[in-house]
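Sequential numbering of the sequence shown, starting at 36, is according to our numbering.
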Amino acid sequence: MIRAIYRSLIFLVMIANVTSVHADIRNDVPSCYKSVNIPLPSDESGRELIVVVDGTFDPDVNLKKTVHAKVQRFLAPNDQISIVSFSSYIGDSYTQLRFAGKLEPEIPKEQRSSISKKLLRQLDSCMAKQVSYARNKIDEAIKNGFKPADVEVPKSEIIGNLSRILDPLLLPKAEGGSVKTVLLVSDMLENSDITTFYRSGGVKAINVTAEIEKVKAGQYITDWHGANVYVIGAGWVHQKYRNGFRGSDVMSSLQSFWQQYFALSGANLVAFGQPVLMSELN
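Structure below.
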């Protein structure tokens, strides 16, 4: 019975996402509270995670698995998550919001005593399915955000994309709300009309001051409203490139540039994975 209800809810949500173009908030996760007609608890303690996948690079399987694992370990009831991918403007490569949804909060213990056992069983069963459904959809969205191995994308457009796609997602937090967390999955190697971090087939140690001035001059600084940023994949180089060695000067200047970029954008760079992110998302 619950499984049939949940399948019906999934279908209705999919139709709503297609037809309700004026919806303010997209939620790809069907509500269990609505399905059993129990009021949704008022709980403002949930966190928000925005995963941004750079579709211009193709890390190895282990690094991809690390991304999935970090996100899955972060998630808890009442969390909201968005999966966004971006690329350079070539062919069918473009920015996509691949998933946006919220896990519902657990029902408070004091509220359970006032609800029939039958409804509680239905709610608990549905909530378990909701978590499984959301986690599967999140994994699928992350997987589809990476560049296919057989596709060549010569440009990266990281700076330009970050200044555009995150602005509507990083609105100021509600009073008393938690700070938003951004997981940026990218090699962080800009190669665009704005600037390039490459030289002679390899990566150069960049002049941080000069590169920051280019970003300012192009008005690519935006307001990230105090978001905490984690990076995974920085400096990643595919084994097929012979000039792919990243020395300490290269990596130090790369991190320094992005540290300043995020600070100017009102964000806090918590961890910079080179390429593996050692810390967990908080």
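For every residue, glycine included, the Cβ atom is placed at its ideal position computed from N, Cα and C.
{"query": "For residue 139, is the classification buried or exposed, using 16 other Cβ atoms within 10 angstroms of its Cβ as the cut-off for buried?", "result": "buried"}
{"query": "Should residue 218 be labelled buried (16 or more other beta-carbon atoms within 10 Å of its own) or exposed?", "result": "buried"}
{"query": "Let me check one thing: in DSSP terms, what residues is residue 131 bridge-paired to?", "result": "120"}
{"query": "As an exercise, report each continuous alpha helix (DSSP H) stretch of at least 4 residues that is fully enclosed by the segment 122-206, in chain order.", "result": "144-147, 152-180, 193-200"}
{"query": "Please say whether residue 64 and residue 137 have beta carbons closer to each other than 8 Å?", "result": "yes"}
{"query": "If you follow the alpha helix (DSSP H) that residue 60 is part of, which residue opens it and which one closes it?", "result": "No alpha helix (DSSP H) holds residue 60; DSSP gives it neither H nor E."}
{"query": "Beta carbon of residue 255, beta carbon of residue 198: below 8 Å?", "result": "yes"}
{"query": "Pick helix, strand or coil for residue 315, following the three-state DSSP scheme.", "result": "coil"}
{"query": "Could you tell me which whole beta strand (DSSP E) segments of length 3 or greater appear in the segment 216-241?", "result": "216-220"}
{"query": "Assuming residue 118 contacts residue 176 (C-beta within less than 8 Å), just tell me the rounded distance between them.", "result": "4 Å"}
{"query": "To the nearest whole angstrom, what separates the beta carbons of residue 243 and residue 292, a pair I think is in contact under 8 Å?", "result": "5 Å"}
{"query": "Would a C-beta distance cut-off of 8 Å place residue 267 and residue 305 closer than the cut-off?", "result": "no"}
{"query": "If I measure Cβ to Cβ from residue 82 and keep anything under 6 Å in the same chain, skipping five residues before and after, which residues do I get?", "result": "114, 213"}
{"query": "Any contact of the segment 147-157 with the segment 91-110, i.e. 3+ C-beta pairs under 8 Å?", "result": "no"}
{"query": "Do you know whose CA, among 309, 307, 240, 249, lies nearest residue 284's CA?", "result": "240"}
{"query": "What are the residues that DSSP puts in a beta bridge with residue 303?", "result": "263"}
{"query": "Let me make sure I understand the geometry here. Which of 270, 184, 263, 250 has the alpha-carbon closest to that of residue 315?", "result": "263"}
{"query": "Output yes or no for whether 8 Å exceeds the beta carbon distance between residue 90 and residue 182.", "result": "yes"}
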